[in-house]
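What follows is a single structure, written as structure tokens, with notes after it.
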Amino acid sequence: MRSFTTSSGFVIRWYDCVGSTNDEARTWSELGAPDGSVVCADQQTAGRGRRGAAWISPVGEALAFSQILRPTMARALWPRLALVAGLAVAKTLEAHGIAAEVKWPNDVWVKEKKIAGILVESTGDAVIVGVGLNVNPVDFPQDIAAIATSMRIETGREYNREELLIALSRSIMLHSQRIEADFTDILRDLRERCALTGKRVSLTLGHETHMARVMGISDHGELLIERHGHVEAIWQADQIRVVH
Ligand code: BTN
297 MRSFTTSSGF VIRWYDCVGS TNDEARTWSE LGAPDGSVVC ADQQTAGRGR
347 RGAAWISPVG EALAFSQILR PTMARALWPR LALVAGLAVA KTLEAHGIAA
397 EVKWPNDVWV KEKKIAGILV ESTGDAVIVG VGLNVNPVDF PQDIAAIATS
447 MRIETGREYN REELLIALSR SIMLHSQRIE ADFTDILRDL RERCALTGKR
497 VSLTLGHETH MARVMGISDH GELLIERHGH VEAIWQADQI RVVH
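Listed below in structure tokens is the structure:
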């Protein structure tokens with residue numbers, strides 16, 4: 297493991313291999329890691345996604361990291377961290393010339409293919425924002441090749457993962473600090489990059505799947521969907537698929 301401090305003052309611990317960076321970050325946070333600290337790994341043996349799915353990324357080619365945030369805002373606002381993390385990743389990709397969208401709540405898409413996934417968990421007074429970003433891989437396993445992309449696939453360039461990590465951790469922190477005072481601006485940025493607005497989707501909630509049209513994002517950050525002529529605001533869905 298090597299450890300260094302970024303110009304933003306975040307301590308980064310970069311491991312060759314861990315189980316899950318979210319678990320390492322949780323342990324470190326419980327031992328008092330400062331706000332903004334990051335655990336990154338070249339390889340995860342038990343990387344996980346939302347809804348218990350495994351998260352597998354090619355060794356040394358992707359970014360798998362978890363940032364520890366110690367928010368001072370009301371806990372009721374913590375769910376917004378998941379939204380702003382997706383936005384922060386999308387905007388960092390834009391800064392590298394890649395037009396990215398947020399697939400609510402926090403997948404990041406490029407041309408309807410997933411380039412990053414985010415898993416937000418909390419422990420005590422800390423929130424762990426786990427990000428898996430496809431940076432340099434060009435080959436994906438057959439079962440996801442049609443639905444996944446990477447920065448390198450999009451631009452043909454190879455990226456320095458350490459520079460990206462420093463930019464991403466700064467962006468996640470800056471966006472998270474704007475949640476209380478600037479949520480209107482965050483919403484504007486999210487709405488401009490919402491991959492689902494106007495789309496017909498199939499939406500799985502528990503054991504039920506519904507067809508709906510996405511109307512946009514509410515003033516609180518919920519997804520607005522129209523079903524049977526009624527507009528509903530939802531905070532979570534097990535799966536959302538765009539129907540073409
Ligand atoms: C998803 O799309 O379902 C979320 C994927 C989140 C993956 C990242 S990789 C770094 C961090 N550690 C984990 O075990 N998961 C997250």
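Just so you know, we're using our numbering here: the sequence shown kicks off at 297 and counts up by one.
C-beta: ideal position from N, C-alpha, C; glycine also.
Note that the structure is predicted; figures quoted are calculated from it, not measured.
DSSP three-state call for residue i: helix, strand or coil?
i    : result
V355 : coil
F479 : helix
V431 : coil
L499 : strand
W310 : strand
V539 : coil
S304 : coil
A508 : strand
K387 : helix
D403 : strand
A533 : coil
T317 : helix
R298 : strand
R474 : coil
Looking at residue j and residue i, is the spacing between their C-beta atoms short of 8 Å?
i    : j    : result
S498 : R537 : yes
V416 : L377 : yes
D312 : Q340 : no
L501 : A533 : yes
S316 : A350 : no
A384 : L486 : no
E476 : L373 : yes
P433 : E357 : yes
G512 : C490 : yes
V539 : R474 : no
V427 : F361 : yes
L461 : C336 : yes
W310 : R298 : yes
Could you name the residues of the same chain whose beta carbon sits closer than 7 Å to that of residue i, not counting the 5 residues immediately before and after it, in chain order?
i    : result
K472 : Reading off the sequence, residue 472 comes out as Ser, not Lys. For S472, where only same-chain residues beyond five positions count, the Cβ hits under 7 Å are L365, P367, L377, V380.
R346 : L415
Skipping 5 residues on each side, what residues in its chain have a beta carbon closer than 6 Å to that of residue i?
i    : result
L429 : L359, A412
D403 : K410, G413
W400 : L492, L519
V289 : The question about residue 289 has no answer here: the residues shown for the chain are numbered 297 through 540.
G517 : R376, L379
S446 : N430, P433
S514 : L520, A529
Looking only at C-alpha atoms, which of the options sits nearest to residue i?
i    : options                : result
K387 : G512, E488, V307, G525 : E488
R466 : S304, M297, S299, I440 : S304
V355 : G382, Q363, F436, R347 : F436
A508 : R523, D439, D515, A441 : R523
I468 : Q363, A442, R448       : Q363
I443 : E408, S418, I449       : E408
S353 : H506, D478, A441       : A441
W324 : L389, I449, G348, S418 : S418
R448 : G348, L389, W531       : L389
Excluding the five sequence neighbours on either side, which residues of its own chain have a C-beta within less than 8 Å of the C-beta of residue i, listed in chain order?
i    : result
T451 : H392, G393, I394
G348 : none
(message) Pairs of beta-carbons, one from the segment 320 to 329 and one from the segment 394 to 413, closer than 8 Å: are there three or more?
(response) no
(request) Mind the definition here: the segment 415 to 431 touches the segment 361 to 373 only if three or more C-beta pairs lie below 8 Å; say whether that holds. (result) yes
(request) Answer yes if the segment 479 to 487 comes into contact with the segment 443 to 458, meaning at least three C-beta pairs across the two stretches below 8 Å, and no otherwise. (result) no
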